[in-house]
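Below: one structure, written as structure tokens.
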Amino acid sequence: MKQLKEYTIPFVGLKQGIHQFEYTIDNSFFEHFEYDEFNAADVSLVIEFNKKATMLELLFKASGTVNVNCDKTNEPYDQSIESELFLVIKFGDEFNDENEDLLILPHGEFEVNVAQYVYELIVLAVPSKRIHPGVKDGTLQSDILKKLEELSPKEKKNDDQNEETDPRWDKLKNLLNDK
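Put into structure tokens, the structure is as follows:
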């Protein structure tokens, strides 16, 4: 996977203080990561870049919609997402990204590529169980929903009078009632 150059922030020429970077994320961004779960994406991303003397602080804010397929009916729908990520960048002897909230860059680095963090922020903002809003409120009419309803197990009414039970279990039930 090649790095996306527009997500590389050269921080060496920036003055200390807060800088803001804005991006619009669409499906072409996810094609670089070979991620095809989204039918379409329209996410706006704002990165607040705070340059300090010895470290960098980045606050990622993503909001927008991604078009995904429902897990129940496979119908496409727009899932709204809102997510934030706070990242601290420090400088050390060697590159280290083992901690998800802390990135260590080697001394002498002059730029940072944030594409991987943007990708993870958006993908993890989508719920793991994606249900079409029409399924939740009952407005979606679908052949799949009708078939699921038809094949779902029917509830059986439990009639204690007509059902014979093992007398050993009845004795155990009495233990609960004798308190």
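In terms of full-length UniProt numbering, the sequence shown is numbered consecutively and its last residue is 179. Just so you know, even glycine gets a beta-carbon here, dropped at the ideal spot from N, CA and C.
Residue i (DSSP reduced to helix, strand or coil)
{"i": "tyrosine 119", "result": "helix"}
{"i": "alanine 53", "result": "coil"}
{"i": "proline 153", "result": "coil"}
{"i": "lysine 72", "result": "coil"}
{"i": "valine 135", "result": "helix"}
{"i": "leucine 175", "result": "helix"}
{"i": "lysine 5", "result": "helix"}
Residue i and residue j closer than 8 Å at C-beta
{"i": "lysine 51", "j": "glutamine 16", "result": "yes"}
{"i": "valine 118", "j": "valine 66", "result": "no"}
{"i": "phenylalanine 86", "j": "aspartate 101", "result": "yes"}
{"i": "valine 43", "j": "glycine 13", "result": "no"}
{"i": "isoleucine 131", "j": "lysine 171", "result": "no"}
{"i": "glutamate 111", "j": "phenylalanine 21", "result": "no"}
{"i": "threonine 25", "j": "alanine 40", "result": "The question names threonine, yet the displayed sequence has isoleucine at residue 25. Result no, Cβ atoms of isoleucine 25 and alanine 40 do not sit closer than 8 Å."}
Cross-strand partners of residue i (DSSP beta bridge)
{"i": "asparagine 67", "result": "Ala40, Asp78"}
{"i": "asparagine 96", "result": "Ile104"}
{"i": "alanine 62", "result": "Leu45, Ser83"}
{"i": "proline 10", "result": "Glu111"}
Cutoff 8 Å: residue i Cβ touching any chain D Cβ
{"i": "asparagine 69", "result": "In the structure shown, chain D does not exist; there is a single protein chain."}
Minimum length 4: unbroken alpha helix (DSSP H) runs contained in the stretch 12 to 42
You should have 27 to 31.
At least three beta-carbon pairs within less than 8 Å, the stretch 104 to 124 to the stretch 29 to 37
Yes: at least three Cβ pairs fall under 8 Å.
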